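Q: Provided herewith is a single structure, encoded as structure tokens, for subsequent inquiry.
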Amino acid sequence: MKRYIYLLFILTNCFLSCNNDDDENDCHPETILSNWNTQKEIVIEFDTEFNRNNYNIVDGNKLLFEYNHIGAQCDHIIDDEWQENLVFQIENTSVAFEYIDNDLLLTNCYYQQLGAWVNHNQYQVKNGTIKGEKLSENEWKIIVNVETTPLFENEQPKEIQFTQIFIQ
Numbered sequence: 549m550k551r552y553i554y555l556l557f558i559l560t561n562c563f564l565s566c567n568n569d570d571d572e573n574d575c576h577p578e579t580i581l582s583n584w585n586t587q588k589e590i591v592i593e594f595d596t597e598f599n600r601n602n603y604n605i606v607d608g609n610k611l612l613f614e615y616n617h618i619g620a621q622c623d624h625i626i627d628d629e630w631q632e633n634l635v636f637q638i639e640n641t642s643v644a645f646e647y648i649d650n651d652l653l654l655t656n657c658y659y660q661q662l663g664a665w666v667n668h669n670q671y672q673v674k675n676g677t678i679k680g681e682k683l684s685e686n687e688w689k690i691i692v693n694v695e696t697t698p699l700f701e702n703e704q705p706k707e708i709q710f711t712q713i714f715i716q
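For the sequence shown, this note's numbering begins at 549 and goes up steadily by one.
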């Protein structure tokens with residue numbers, strides 16, 4: 549009887565320790581998507597429940613820039629998804645721009661993190677620099693060095709820095 553239990557233990561262990569190749573191939577690398585669109589704009593609405601501004605993207609007459617940094621994730625791992633977004637707008641006739649500190653308010657710039665283990669607050673950006681130059685009919689070079697405006701007293705601002713080509 550001990551032999552059968554021992555054999556059953558060995559077989560069970562073998563089955564449980566088998567490596568499933570599907571788990572190794574269901575992972576997606578870190579990705580950065582940066583694009584811009586015409587005829588969009590950012591509308592800011594005051595949220596009376598949480599006493600803060602939130603944004604929505606609607607049809608409009610601005611150039612809208614969206615930066616999405618998507619963290620690596622594996623389908624077989626629960627709650628490992630993570631993403632950060634930065635959005636801002638400029639006048640649709642612009643071919644180059646630079647917004648510094650308080651001028652950033654003209655861009656309605658917002659930052660947000662998404663994922664299971666982060667808050668989903670939308671942070672207004674009022675400090676730093678966003679600079680851009682139109683390279684072609686469908687490409688812009690954008691340089692961002694900004695920090696978020698904390699929503700809470702004990703919260704630290706988050707720094708966001710990148711240089712990226714945005715494609716339409």
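Note that the Cβ used here is the ideal one computed from N, Cα and C, for glycine as well.
Remember, predicted model here, so these are calculated numbers, not experimental data.
Could you give the first and the last residue of the continuous beta strand (DSSP E) run that contains D595?
A: The residue labelled residue 595 in the question sits at position 47 within the sequence shown. T579 to D595 is the span of the beta strand (DSSP E), which, as asked, contains D595.
Q: Can you tell me whether Q716 sits near the ligand GDP, meaning its C-beta is under 7 Å from at least one heavy atom of the ligand?
A: The ligand GDP is absent from the structure shown, which contains no ligands of any kind.
Q: Would you please state the rounded distance, in angstroms, between the beta carbons of N650 and K674? I believe it to be under 8 Å.
A: To locate residue 650, count along the sequence shown from 1; it is residue 102. To locate residue 674, count along the sequence shown from 1; it is residue 126. Contact flag correct, Cβ pair sits at about 7 Å.
Q: From the DSSP output, read off the bridge partner residues of A644.
A: To locate residue 644, count along the sequence shown from 1; it is residue 96. Paired residue(s): E681.
Q: How many angstroms separate the CA atom of R600 from the CA atom of Y671?
A: Within the sequence shown, the letter at position 52 stands for residue 600. Within the sequence shown, the letter at position 123 stands for residue 671. Rounded to whole angstroms, R600 to Y671 spans 9 Å at the Cα level.
Q: In angstroms, rounded to a whole number, what distance separates the CA positions of T596 and T696?
A: Counted from its first residue, the sequence shown places residue 596 at position 48. Counted from its first residue, the sequence shown places residue 696 at position 148. Their Cα atoms are separated by approximately 21 Å.
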